[in-house]
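Each residue of the sequence shown is one higher than the one before, counting from 38 in the working numbering.
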Amino acid sequence: MSVQSTIRRKTAPDIFARKNGEPIVMLTSYHAHTAALVDRYCDVILVGDSLGNVMHGFETTLPVTLEMMILQGRAVMRGSQAALVVVDMPFGSYEASKEQAFMSAARILKETHCGAVKLEGGVRMAETIEFLTTRGIPVMGHIGLTPQSINTLGSFRSQGRAEAEALARGDNEGGPIQNDALAVAQAGAFSVVVEAVAEPLARKITETIAIPTIGIGASAACDGQVLVLEDMLGLSARVPKFVKRFGNLGPMIEAAIEGYATEVRARSFPGPEHVYGTKPKA
Ligand code: KIV
Numbered sequence: 038m039s040v041q042s043t044i045r046r047k048t049a050p051d052i053f054a055r056k057n058g059e060p061i062v063m064l065t066s067y068h069a070h071t072a073a074l075v076d077r078y079c080d081v082i083l084v085g086d087s088l089g090n091v092m093h094g095f096e097t098t099l100p101v102t103l104e105m106m107i108l109q110g111r112a113v114m115r116g117s118q119a120a121l122v123v124v125d126m127p128f129g130s131y132e133a134s135k136e137q138a139f140m141s142a143a144r145i146l147k148e149t150h151c152g153a154v155k156l157e158g159g160v161r162m163a164e165t166i167e168f169l170t171t172r173g174i175p176v177m178g179h180i181g182l183t184p185q186s187i188n189t190l191g192s193f194r195s196q197g198r199a200e201a202e203a204l205a206r207g208d209n210e211g212g213p214i215q216n217d218a219l220a221v222a223q224a225g226a227f228s229v230v231v232e233a234v235a236e237p238l239a240r241k242i243t244e245t246i247a248i249p250t251i252g253i254g255a256s257a258a259c260d261g262q263v264l265v266l267e268d269m270l271g272l273s274a275r276v277p278k279f280v281k282r283f284g285n286l287g288p289m290i291e292a293a294i295e296g297y298a299t300e301v302r303a304r305s306f307p308g309p310e311h312v313y314g315t316k317p318k319a
């Protein structure tokens, strides 16, 4: 008898097959409870290393560890049942060598049971992506603004404006970001996140490469879109220009906490309906 669930999770090949098709909907989640909600509407749940900023209050994603990603990846897998779950490889867990990347990615897959990993970098990571994908590890790429490189980039500003201007002048030779996109696709990634890249360039990349592009601050022409859940729910204090707030949960949560504090101080909570009396007679 099979003990497998009857609901079939989406796979990396399912997402790859969506190139030029129905837009891919992706959001981040780090917890079982938000994963259950996101799972109802999204094709892909990203356990992003943005959890370092969002959950832990770090300035950057650099302090995030493999253990942190695995812990939250397991929670998201328990909370979801239909979406493809992709877990970010944190800074320092894959850049030293392709062998290091394989050992880290294998741990993520074994210990979370997720369906794919994501790593940052284009041309410089192509050899690693090929090493992983030819050994059974589906990889989502991430190019453009790559937050793990903040110390070399210098700031979180958008990428590829000069390259987009060159395109507009009819120079289609291909600059660094186009080369990154091509390298990731040719290395065997099943999709690629394109972050904070000038719109005409993100559009051109989407038209050029054979794998789905998932935009964040990129272009409506991308094959899909991703946002950080807490940003689009209005729970983050500062958000980049590309975030649209689809909700404003911050004030609602604050009002609920204020109400609770007021009632506890006034001894009006718990009420009679929230406490246990003596055992009813049989
Ligand atoms: O870590 C993350 O949440 C991400 C998304 C912003 C794409 O990489």
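All C-beta atoms, glycine included, are put in the ideal place defined by N, C-alpha and C.
All of these numbers come straight from a predicted model, not from anything done at the bench.
Here the C-alpha atom of residue 120 lies approximately 28 Å from the C-alpha atom of residue 241. Apart from sequence neighbours up to five positions away, the residues of its chain that approach residue 247 with a beta-carbon distance below 6 Å are 222, ordered along the chain. Comparing alpha-carbon positions, the option among 187, 185, 190, 181 lying closest to residue 200 turns out to be 181.
Beyond the five residues adjoining it in sequence on each side, residue 142 comes within less than 6 Å, by CB distance, of 154, 169, 174 in the same chain, given in chain order.
When 266, 179, 43, 291 are compared, the shortest CA-CA separation from residue 284 is found for 266. Annotation for residue 125: the continuous beta strand (DSSP E) segment containing it runs 121 to 125.
Beta-bridge partners of residue 102 (DSSP): none assigned. Within the chosen limit of 6 Å, the ligand KIV does not reach the beta carbon of residue 52 with any heavy atom.
The segment 103 to 121 makes no contact with the segment 280 to 295: fewer than 3 CB pairs, one atom from each, lie closer than 8 Å. The DSSP-derived three-state label of residue 96 is coil. Residue 296 carries a helical assignment under DSSP once its states are collapsed to helix, strand and coil. For residue 82, the closest C-alpha among the options 145, 140, 152, 54 is that of 152. The segment 231 to 239 and the segment 212 to 220 touch, with three or more beta-carbon pairs separated by less than 8 Å. Taking non-hydrogen atoms of the ligand KIV into account, the C-beta of residue 97 is found less than 6 Å away from none of them.
At a threshold of 6 Å, residue 273 does not count as near the ligand KIV, since its beta carbon sits no closer than that to any of the ligand's heavy atoms. In terms of Cβ geometry, residue 51 and residue 85 do not form a close pair [threshold 7 Å]. At a Cβ-Cβ threshold of 7 Å, residue 227 and residue 49 count as neighbours.
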